[in-house]
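To start, the structure under review is shown below, and the notes come after it.
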Amino acid sequence: MRGKKDLPSGLVQVALSCLLCTGLVGGSVQIRRLCFLSILLLYTYVLLFTASDNPGNDFISKLNFTALLFNASDYLLLCDPQHDLRLIGQTKLISHETLIQRLWWALRLLASPRGVGWNFESTSHLPLRPPSSAREPKWKYVMKQVFWIVVYYPIWHMASYWNRSNPRYGRDIVASNIDRTAFPWWWRVTVWATIVDYYALMTIMQCAASSITVAFCISDAQEWPPLFASPLEAYTVRRYWGRMWHQLYRKIFASHSKYIADCLHLPPKSKITTYFKLYLSFFISGVIHCAGDYGYLQEYSGGALRYFLLHACAITFEDGIIGLAKRAGFRTNLGWRIIGYFWVIIWFSVVLPEWIDSRLFWGLPFP
């Protein structure tokens with residue numbers, strides 16, 4: 001409930017990150033396990049026994065803390081990070097380097113959840129970057145990022161304004177005053193403003209961070225591929241999640257689903273294993289967002305879990321349809337892509353309102 005003891009979310013984020021960084025730098029199995037246990041205990045306390053007066057901030061912070069917990073599980077339990085994780089071009093094991101070098105290595109790892117520049121980078125799922133031979137002056141890169149901030153800011157502002165004033169999902173709406181059946185079916189499409197809101201806001205944040213770090217020579221422009229690909233990539237639900245949307249959690253999905261599949265001795269590269277990993281990945285995503293919902297509502301709501309698992313079902317369905325179409329001799333062309341865009345628009349217009357409605361049930365709108 002609101003009014004419980006509040007801990008500054010920034011301080012908690014720093015504490016969790018320091019524990020994770022200590023485990024990465026320490027190297028030994030015992031240190032890694034001790035650090036993970038400390039992270040788990042602090043996370044459990046913060047999730048269950050703290051709440052601020054700002055539900056929206058609690059949603060973001062609890063979501064981020066849960067993602068960090070899965071990162072800690074990945075880096076500290078499922079692998080030997082100093083042996084398995086390397087920067088591209090790194091020739092020596094980081095365990096052979098000095099403490100300062102290991103600390104810088106760990107900070108760079110934590111700053112790159114998509115694995116950009118690391119040996120686990122999923123290049124086929126990230127937006128294309130210009131070749132290193134085509135590097136441009138830093139000031140040009142910074143100016144481009146500023147340009148995109150200027151472009152996306154009004155888009156974000158308009159989408160955010162609509163989300164606040166939308167009579168169906170608006171932030172000032174109370175569940176008891178909503179007659180959801182009074183709205184025509186096409187009103188569900190307006191929920192896409194929520195997706196545009198997050199797309200634009202996260203792009204602005206990415207552009208701001210990249211322009212600052214590149215301008216001050218902290219990082220290179222090559223380390224900042226766009227956070228999102230073009231919306232034109234999203235002509236299937238699979239491509240929406242696997243190509244267009246951000247890939248910040250891809251590694252923790254892949255690592256945990258592979259580990260559990262191996263524990264169950266599922267046959268590698270089989271369809272059973274592929275779809276097992278697919279559903280488990282969306283389940284983990286649902287858990288991460290459920291934690292955000294819990295921070296927001298101070299009640300358990302299964303809306304996020306249902307929402308993400310339904311996407312796994314949709315991907316399974318469209319894989320079957322695409323497979324049948326290929327056997328019948330159909331090939332991808334502009335016409336089929338246009339049909340795909342309509343399918344994706346309709347699908348999200350059906351399932352996303354259900355997640356939002358699960359929040360409205362408790363009397364709180366979508367943040």
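If you number the sequence shown the way the UniProt record's numbering does, the last residue is 367 and the count never jumps.
The beta carbon of each residue, even a glycine, is placed where N, CA and C say it ideally should be.
Using the three-state DSSP reduction, which class does residue 87 fall into: helix, strand or coil? Locating residue 87 in the sequence shown gives position 87, where the first residue counts as 1. In this structure, residue 87 counts as strand in the three-state DSSP scheme.
Only counting the same chain, and skipping five residues up and downstream in sequence, which positions put a Cβ closer than 7 Å to that of residue 115? The sequence position of residue 115 within the sequence shown is 115, counting from 1. So the qualifying residues of the chain are 121, 122 and 251.
From residue 67 to residue 249, what does the alpha carbon distance come to, in whole angstroms? Indexing the sequence shown from 1 puts residue 67 at position 67. Indexing the sequence shown from 1 puts residue 249 at position 249. Their backbone Cα atoms lie some 8 Å apart in a straight line.
Closest Cα partner of residue 212 within the set 141, 257, 156 and 235: Start at 1 with the first residue of the sequence shown, and residue 212 comes out as number 212. For residue 212, the closest alpha carbon among the candidates 141, 257, 156 and 235 is that of 141.
Touch check for the segment 315-329 and the segment 74-81: three-plus C-beta pairs under 8 Å? no
Tell me where the alpha helix (DSSP H) around residue 138 begins and ends. Taking the first residue of the sequence shown as position 1, residue 138 is located at position 138. Segment 138-165, the alpha helix (DSSP H) holding residue 138.
For residue 205, count neighbouring Cβ atoms within 10 angstroms of its own Cβ and tell me buried if that reaches 16, exposed if not. The count along the sequence shown starts at 1 and reaches residue 205 at position 205. Exposed, because fewer than 16 other Cβ atoms sit within 10 Å of the Cβ of residue 205.
Quick check on the burial criterion: 16 or more other C-beta atoms within 10 angstroms. Buried or exposed for residue 263? Working through the sequence shown from its first residue, we reach residue 263 at position 263. Its Cβ having fewer than 16 others within 10 Å, residue 263 is exposed.
By Cβ distance, which residues of its chain are closer than 7 Å to residue 58, with the 5 residues on each side in sequence left out? Here residue 58 is taken as the residue at index 58 of the sequence shown, counted from 1. Cβ within range, chain order: 51, 52, 295 and 296.
Compare the C-alpha of residue 138 against each of 64, 217, 62 and 188 and name the closest. If you number the sequence shown from 1, residue 138 lands on position 138. Nearest option by C-alpha distance: 217.
Enumerate, from N- to C-terminal direction, the unbroken alpha helix (DSSP H) stretches of 4 or more residues contained entirely within the segment 204-288. Every alpha helix (DSSP H) stretch that sits fully inside the segment 204-288 and reaches 4 residues is listed by chain position as 250-263.
Less than 9 Å separating the beta-carbons of residue 39 and residue 19? Residue numbering aside, residue 39 sits at position 39 when the sequence shown is read from its first letter. Residue numbering aside, residue 19 sits at position 19 when the sequence shown is read from its first letter. Result yes, Cβ atoms of residue 39 and residue 19 sit closer than 9 Å.
Around the C-beta of residue 12, are 16 or more other C-beta atoms found within 10 angstroms, so that it is buried, or is it exposed? For the purposes of this step, residue 12 is taken as the residue at position 12 of the sequence shown. Counting Cβ neighbours within 10 Å, residue 12 comes out buried, since at least 16 surround it.
When you compare only the Cα positions, how much space is there between residue 47 and residue 301? Numbered from its first residue, the sequence shown carries residue 47 at position 47. Numbered from its first residue, the sequence shown carries residue 301 at position 301. Approximately 14 Å, taken between the alpha carbons.
How about residue 200 and residue 161: are their beta carbons less than 9 Å apart? As a working note, residue 200 is residue 200 in the sequence shown. As a working note, residue 161 is residue 161 in the sequence shown. Contact flag unset, no.
Give the straight-line distance between the Cα atoms of residue 278 and residue 268, rounded to the nearest whole angstrom. Against the sequence shown, residue 278 aligns to sequence position 278. Against the sequence shown, residue 268 aligns to sequence position 268. If I take the Cα positions, the gap works out to 14 Å.
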